[in-house]
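Beneath this line is the structure, given in structure tokens, with notes to follow.
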Amino acid sequence: MNANSDNLIQQSQNVENVESNNTIVSIQSLSKSYWREKFEIPVLKNISFDIPKGEFLALMGPSGSGKTTLLNLIAGIDKPSDGKIFVNNVDISLMGESQLANWRTNCIGFIFQFYNLIPVLNAYENVELPLLLTKLSKKERRERVELVLNIVGLSDRMDHSPKQLSGGQQQRVAIARAIVTDPLLIVADEPTGDLDKHSAEEIMLLLQELNAELNKTIIMVTHDPRAAEKAHSIRHFDKGELS
Amino acid sequence: MLIPINYTIRSLLSRKLTTFLTVFGISLVVFVFAASLMLSYGIEKAMTDTGSENNVILTRKASQGELASQISRDALNEIANFPEIEKSKDGTPFFTMELYTLINLYKKATNSMGNVTIRGVAEKSFELRPQVKLIKGRKFSYGKNEIIVGSNIEERFKSCKIGSVIKFANTNWTIVGIFSTDGSGFDSEIWGDVNLFMTLFNRGTIYSSMTFKTNPKNFEIVKQKIAKDKRLNYIEPKIEKHFYKEQSEMMSSFISVLGTSITIIFSIGAVIGAIITMYSSIANRVVEIGTLRALGFKRRSILIAFLFECMLISFIGCFIGIFAASFLQVITISTTNFGTFSELAFSFELTLDVIKYSIIFSVIMGFIGGVFPAVRASFLSIINALRMDV
């Protein structure tokens, strides 16, 4: 990690530096297009809005409306075609690939629709994975992993492989992995999309608790209105624009 | 930060069949590679062990060995007076003049004829080569039709046991002893009284070679003296160890080239197998790669993880190949040495060099097999990998 990237991340993590308006994500004139052979396909068109700290935001809209693309851009796994994204007052659109990788480790927690756990690692090792990219000692890592697995209610399943867990339990492990680095933002792409009703409710309850009790900012893409109801606010997308 | 090693190891274990087949393919290639090197080293060892650094052998120039060499007794007597030749226990110069020729005997295994070396020796021949040990029977008596045979000849040719009689030079010879030098080329020879052989082979006063003991420092002096003397300059002195090593070079080079060629062809197959294994492994783990990248692991971590995975397969294959090849050491092969036209028995020799070259070879195979898939894995776009759109 170079000094420049260190500074950006430190700045990004320093919540005290946030402007008085308490904005954690500021999206300014953001556009994103993909190219399929010779054709440019616009996915996001000149989007601008702010997300306050501690927000639980649901992004909704039909397939292809650009909500997942926006989530990927905020999470720093994709680059905008135009416009800027400030996260904690740092313009992540200016970061290089290596800087972004370090930034993601420290600032973003990912929750995926299909959990994306590493099948050959057990629950403990899956949760520990992002911590291997930090300077924490083995003992510190263990304390953190045990703490978050306790928060998601899976302290008795640490040695279980993903195959030995139900869908809901796997998503809990994924949530534990997302919060273990104590990130600024949690981005969740259809976190209940692969779960039955009961498990989906449990996961939404857990996300609500993380938001309310640990003050985590959560940005969630969902098609499920019941899941969206649990969020503080909902933004609808249609054809790459906010509707 | 590197991706943990247990991820790589468990990923391999989770694909037991493809991992096993790839390891098996690589171990086969390493086995063939190691075996050909072991054979080549075995021939070299058999011949190198035949000679000593302290002995000098004289043969006719351009004779390519003792078989075609002819040197007159007068010339050899002249050289025998050189002060550089060490003295034996009885105070006389430490040298021996020998006769070297071939006879045909029937092989036990194939019932076909093979060329066997006959060496006419004197008492000092035994003193010059203290590695020659009688393992059965006794030494032949000078002036009598008695011979002793090397352990490889006893083992591989018919009628070569103690008490057997074999016929050559129109004479019946009784075998009275078996000798061994622990695997050198002498073990594939028959020894008898040189004076008797000279008479019965009608050689007059023409010997095949002369061997004498000297300080290696004096070798150049002896060489210069022989080269400057017009009566002697058709004779070529060589350090005995180097002389016998040269005799094996043609054959060991042939086996090395043949073995290496076969190995290269095999290795292409094994490398392609490793590449396919790694590509399919990556195809099955695209989402994992995308997830690892999203979590913050960098391209080089992915590259190293996949390269390490292929290298690990290759290393395991390498050690299995070498382990299997090590059992070849119990096998002794007997064939005609192109350098001397005589039968030579040798073993597969597992040396540190064989192990070193096999490891280097498998590292190269692992690297070639892993580098292209690993580069591909590391350059996957995170978005496409998470969508499995690759």
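Chains as they are written, first to last, in numbering that gives the first Met the number 0: chain A, 0 to 242; chain B, 0 to 389. C-beta: ideal position from N, C-alpha, C; glycine also.
Item, Value
"Can the beta-carbon of SER251(B) be found closer than 7 Å to that of ILE56(B)?", "no"
"Name the one or two DSSP bridge partners that PRO41(A) has.", "SER32(A)"
"Give the residues of chain B in contact with ALA100(A), contact being defined as C-beta atoms less than 8 Å apart.", "ARG292, GLY295, PHE296 and LYS297"
"Verify whether the separation of the beta carbon atoms of VAL120(B) and TRP190(B) is less than 7 Å.", "yes"
"Could you list which residues in chain B have their beta carbon closer than 7 Å to that of SER97(A), in chain order?", "LYS297"
"Can you pull the DSSP bridge partners for TYR105(B)?", "MET112(B)"
"In chain order, what residues of the same chain have a beta carbon less than 7 Å from the beta carbon of SER163(B), not counting five sequence neighbours either side?", "ILE174"
"Closer than 9 Å, Cβ to Cβ, to anything on chain B: give me those residues from the region 107-123 of chain A, in chain order.", "ILE107, PHE109, PHE111, PHE113, ASN115, LEU116, ILE117, PRO118, VAL119 and LEU120"
"So, using beta-carbon positions, are THR95(B) and THR210(B) closer together than 7 Å?", "yes"
"Taking Cβ-Cβ distances shorter than 7 Å, what residues in chain B pair up with ASN71(A)?", "ILE382"
"Where are the beta strand (DSSP E) runs, 3 residues long or more, that stay fully inside the region 40-101 of chain A, in chain order?", "55-59 and 81-86"
"For VAL22(B) versus GLY320(B), is the C-beta spacing smaller than 7 Å?", "no"
"Can you say whether ALA57(A) is buried or exposed, counting buried as having 16 or more other CB atoms within 10 angstroms of its CB?", "buried"
"Give the C-beta separation of PRO215(B) and ASN53(B) to the nearest angstrom, bearing in mind that I take them to be a contact with Cβ-Cβ under 8 Å.", "6 Å"
"Would you kindly check if the distance between the Cβ of ASN114(B) and the Cβ of LEU98(B) is under 7 Å?", "no"
"Within 7 Å of any Cβ in chain A, is that where the Cβ of ARG9(B) sits?", "yes"
"On the premise that LEU36(B) lies in contact with TYR233(B), defined as a C-beta separation below 8 Å, what is that separation, rounded to the nearest angstrom?", "No, TYR233(B) and LEU36(B) are not in contact; Cβ-Cβ is about 38 Å, not under 8 Å."
"Listing by chain order, which chain A residues have their CB less than 7 Å from the CB of PRO3(B)?", "LEU131"
"Give the residues of chain A in contact with VAL286(B), contact being defined as C-beta atoms less than 7 Å apart.", "ASN115"
"Does the separation of the CB atoms of GLU348(B) and LYS44(B) fall below 7 Å?", "yes"
"Put ARG225(A) into one of helix, strand or coil per three-state DSSP.", "helix"
"What are the boundary residues of the alpha helix (DSSP H) that PHE345(B) is part of?", "It is not in any alpha helix (DSSP H) - PHE345(B) instead sits in the beta strand (DSSP E) that spans 342-346."
"Do we get a CB-CB distance below 7 Å when we pair ARG143(A) with the residues of chain B?", "no"
"Of all the CB atoms in chain B, is at least one closer than 7 Å to the CB of THR216(A)?", "no"
"To be precise: take each residue of the region 6-39 of chain B, compare its Cβ to all Cβ atoms of chain A, and keep it if any distance is under 7 Å. Which residues remain?", "TYR6, ARG9, SER10 and SER13"
"Could you spell out the range, first to last residue, of the beta strand (DSSP E) harbouring VAL55(B)?", "54-59"
"Buried or exposed, going by whether 16 or more other CB atoms sit within 10 Å of the CB of SER183(B)?", "buried"
"Within 10 Å of its beta-carbon, does TRP102(A) have 16 or more other beta-carbons around it, so buried, or fewer, so exposed?", "buried"
"Looking only at its own chain, which residues have a Cβ that is under 6 Å from the Cβ of SER158(B), when we skip the five neighbours before and after it?", "ILE165"
"Leaving out five residues on either side along the sequence, give the residues of the same chain with a beta carbon under 7 Å from the beta carbon of ASN151(B).", "ASP186, SER187, SER333 and ALA344"
"Tell me the rounded alpha-carbon separation between PHE139(B) and GLU126(B).", "15 Å"
"Is LYS66(A) near PHE236(A), with beta carbons less than 7 Å apart?", "yes"
"If you measure between the beta carbons of GLY295(B) and LEU385(B), is that distance less than 7 Å?", "no"
"So does the region 362-371 of chain B actually touch the region 217-233 of chain B, counting three or more Cβ pairs closer than 8 Å?", "no"
"Please report the distance separating the alpha-carbon of ILE177(B) from that of LYS229(B).", "42 Å"
"Figure out for me which residue from PHE314(B), LEU291(B), PHE242(B) and TYR141(B) has the closest Cα to the Cα of ILE359(B).", "PHE314(B)"
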